[in-house]
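Read through the structure below, which is laid out as structure tokens, and then see the notes.
Number of protein chains: 2
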Amino acid sequence: MRSATPSFSTKERILGVAETLFARHGFAGASLRQVTAAAKVNLAAVNYHFGSKESLIEEVFRRRLDQLNRHRLAALASVQARSEHTLEDVLDAFIRPALEQSMDSAGGAAFVRVLARAYAEHDERLRKFLSDNYGHVLRDFAAAFARLLPNLDKEELYWRLDIVAGALTYAMADFGMIKRKSDVSERSHREQAAQHLVRFAAAGLRA
Amino acid sequence: MRSATPSFSTKERILGVAETLFARHGFAGASLRQVTAAAKVNLAAVNYHFGSKESLIEEVFRRRLDQLNRHRLAALASVQARSEHTLEDVLDAFIRPALEQSMDSAGGAAFVRVLARAYAEHDERLRKFLSDNYGHVLRDFAAAFARLLPNLDKEELYWRLDIVAGALTYAMADFGMIKRKSDVSERSHREQAAQHLVRFAAAGLRA
DNA sequence: CTAACATTCAAACGATCGTTTGACCCCGGA
DNA sequence: TCCGGGGTCAAACGATCGTTTGAATGTTAG
Chain A
8 MRSATPSFST
18 KERILGVAET
28 LFARHGFAGA
38 SLRQVTAAAK
48 VNLAAVNYHF
58 GSKESLIEEV
68 FRRRLDQLNR
78 HRLAALASVQ
88 ARSEHTLEDV
98 LDAFIRPALE
108 QSMDSAGGAA
118 FVRVLARAYA
128 EHDERLRKFL
138 SDNYGHVLRD
148 FAAAFARLLP
158 NLDKEELYWR
168 LDIVAGALTY
178 AMADFGMIKR
188 KSDVSERSHR
198 EQAAQHLVRF
208 AAAGLRA
Chain B
8 MRSATPSFST
18 KERILGVAET
28 LFARHGFAGA
38 SLRQVTAAAK
48 VNLAAVNYHF
58 GSKESLIEEV
68 FRRRLDQLNR
78 HRLAALASVQ
88 ARSEHTLEDV
98 LDAFIRPALE
108 QSMDSAGGAA
118 FVRVLARAYA
128 EHDERLRKFL
138 SDNYGHVLRD
148 FAAAFARLLP
158 NLDKEELYWR
168 LDIVAGALTY
178 AMADFGMIKR
188 KSDVSERSHR
198 EQAAQHLVRF
208 AAAGLRA
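One line per chain: the protein sequences are A and B, in this order.
Numbering of the first sequence is given in our numbering, commencing with residue 8 and proceeding in unit increments.
Numbering of the second sequence is given in our numbering, commencing with residue 8 and proceeding in unit increments.
Next up, the structure:
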């Protein structure tokens, strides 16, 4: 009776609210007092459960990225297991898991916006954390792209992957704001969105 | 180089330093005390010359965007004056002025990173300010794209323009960090970069 | 029941935030 | 010469920041 959502623990409520507020106001812009107030928990709960604001931020990433990158690597492995696969297949393996996550979980849509923020922030600590924990995923995909584009020299490939990654991150972050025709369901809308992104990125990589 | 020369007024030094620190730490992350210390001016100078931190942020944008968008509109008009012009021409009119600015002025490179931050921030006040003052430029370009892509319905076009704008903003923001071959000059490097971006974006829009 | 531990709570810590104040300096026009 | 206003300055304002404390409460095992 103490809370409207007693099924969620204090830790989980903090993570969920922090995700939303970090997406909306940035890491420096959202204060722990705003987070704990919205989560209906005591201010000290953050430092008790996570140790510091910095660690809370990392935990917000870890909770989603572990699952997301597992799905991405699985999708990539599935694609590469086939005798033949195209650039579009690899791009789909990268994009679709992010779209799925932004759909199925309530905070998933907020998290892709957090990701876009992390992309824009050039904060050294945060970049190192992401690179240390999830850098191997991006390297695997880069290798897959390199195999499919043998005529492109390495420097040029990295160039384009950088643009593609930035474009995809921004595009996915803005998904929640793009109006859709009312006669198509949410799922088919995202389905179309994924196909558009894949074709767009593939055209850019092959140009 | 001559960062603390007395030939620059207090106002100009504040604007220059604020641009750099906003690019590095964000609008909420860079404090007025950091700005005024780096600019070697008194803390109160910001509120004296600009009124508030919010107004300082707007002035940082205004100083660069006025010139940037003037160049963009001039380039667009020049392109459209020709009897025939392609998608690549219009994209070039949008991209090249930004690249020029990021090259010729010392703080220009920092400013495109500030722009990328503004893109990631969904702050209501900042978006309204930018939309009110520079929205007509984007509308002019959107109309030019629509004329060149008559088979694309409006909804799909806005979709792709959103992706393209995000990709270009991000790519330009990261220009300073992309390694270039040492045997090509800075100018020719940017020249190649512009061509790559244009071809990449055109392929995505036509896909 | 009691002891031991886990969690929550109100309150306060020192640091830093944006902003304001009022004295002070410099300098061109009476 | 004096005056007055634009500019700079150190200092302080109240608010808010992340973090810490110690007591109160809840939970679990012996």
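Ideal placement from N, C-alpha and C gives every residue a C-beta, glycine not left out.
This structure is a prediction, so every number in the text was calculated from the model and none was measured.
Contacting residues, own chain, Cβ-Cβ under 8 Å from residue i (five flanking each side not counted)
i, result
"V119/B", "A105, Q108, S109, T176, M179, A180, F182"
"E19/B", "none"
"I170/A", "G211"
"R162/B", "For clarity, residue 162/B is Glu in the given sequence; the question names Arg instead. Excluding sequence neighbours, E162/B sits near nothing in its chain."
"A30/A", "A117, F118, R120, V121, R124"
"A37/A", "A25, L28, F29, R31"
"R194/A", "M110"
"H78/B", "P104, E107, Q108"
Distance, residue j Cα to residue i Cα
i, j, result
"Q202/A", "L28/B", "39 Å"
"V24/A", "V42/A", "6 Å"
"L148/A", "T93/A", "Note that residue 148/A corresponds to Phe in the displayed sequence, not to Leu. Those two C-alpha atoms are separated by around 13 Å."
"D96/B", "F136/B", "29 Å"
"S138/B", "G58/A", "41 Å"
"R167/B", "D160/B", "11 Å"
"E128/B", "S90/A", "43 Å"
"Q87/A", "L155/A", "11 Å"
"K186/B", "Q199/B", "Here K186/B scores only 49 on pLDDT, less than 50, and its place in the model is too uncertain to base an answer on."
"A172/B", "A100/B", "13 Å"
"L22/B", "N158/B", "45 Å"
"D130/A", "L98/B", "31 Å"
"A209/A", "S16/A", "43 Å"
"A113/A", "H32/B", "29 Å"
"I64/B", "F34/B", "8 Å"
"A84/A", "Q74/A", "15 Å"
"P13/A", "A45/A", "Because P13/A sits at a pLDDT of 48, beneath the cut-off of 50, its placement in the model cannot be relied upon, and the following sentence gives the value as read from the coordinates. Cα-Cα distance, rounded: 15 Å."
"N76/A", "R69/B", "40 Å"
"S62/B", "L122/A", "28 Å"
"A214/A", "A153/A", "15 Å"
"D111/A", "R197/A", "11 Å"
"L133/B", "A125/B", "7 Å"
"Y55/B", "E26/A", "37 Å"
"F207/B", "Y165/A", "14 Å"
Contact set for residue i: own chain, Cβ-Cβ below 6 Å, skip 5 residues either direction
i, result
"L72/B", "Y141"
"A151/A", "V97"
Contact set for residue i: own chain, Cβ-Cβ below 7 Å, skip 5 residues either direction
i, result
"I102/B", "L175, A201, L204, V205"
"L39/A", "L50, V53, K60"
"L80/B", "V144, D147"
"E66/A", "L22, F57"
"R82/A", "Correcting the residue type first, residue 82/A is Ala in the shown sequence and not Arg. Here the set comprises A100, R103, P104."
Within-7 Å CB hit, residue i to chain B
i, result
"H177/A", "Note on identity: in this sequence residue 177/A is Tyr, with His being the wrong assignment. It does; some Cβ of chain B falls within 7 Å."
"R194/A", "no"
"R124/A", "yes"
"A117/A", "no"
"F207/A", "yes"
"A201/A", "no"
"A127/A", "yes"
"R210/A", "Just to set this straight, residue 210/A is Ala in the shown sequence, not Arg. Judged by the 7 Å Cβ criterion, A210/A is in contact with chain B."
"G114/A", "no"
"G33/A", "yes"
Test: residue i CB closer than 7 Å to a CB of chain A
i, result
"G36/B", "yes"
"I101/B", "The question names Ile, but residue 101/B is Phe in the sequence shown. No, its Cβ sits nowhere closer than 7 Å to a Cβ of chain A."
"I64/B", "no"
"R40/B", "no"
"R134/B", "no"
"G173/B", "yes"
"A214/B", "yes"
"I21/B", "no"
Just to confirm the assignment: which complete alpha helix (DSSP H) runs, minimum length 4, are found wholly within the region 99-149 of chain B? Residue ranges of uninterrupted alpha helix (DSSP H) with 4 or more members, entirely inside the region 99-149 of chain B and ordered along the chain, are 115-127.
What are the uninterrupted segments assigned as alpha helix (DSSP H) that are 4 or more residues long and contained completely in the region 36-84 of chain A, given in chain order? Counting only runs of 4 or more, we get 39-45, 51-57.
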